[in-house]
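Working notes, structure below.
Pasting the structure below:
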């Protein structure tokens, strides 16, 4: 699936991401590509307030989502 074929929200690990949120993620990845995936995923988690019930960031889940999006060409 390419960017042009992608046309809707995404649900990953129980969280639904709107198209606007995914565009934000795409922008973060593009702008901060020189950072490692861990730092990018932390930034995404903080901006989208993707957290565990105990308040910790869902960093592992976010990294997995970023890798999956990358594998799909998104």
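Residue numbers (our numbering): 6 to 79. Even glycine gets a Cβ: it sits at the ideal position worked out from N, Cα and C.
- Here DSSP, grouped into helix, strand and coil, assigns residue 52 to helix.
- Residue 31: member of the alpha helix (DSSP H) spanning 24-36, first to last residue.
- The beta-carbon separation of residue 55 and residue 20, rounded to 6 Å, stays under the 8 Å limit for a contact.
- Under the DSSP assignment, residue 15 falls outside any alpha helix (DSSP H), being part of the beta strand (DSSP E) whose first and last residues are 15-17.
- When the Cα atoms are used, residue 28 and residue 66 turn out to be separated by approximately 18 Å.
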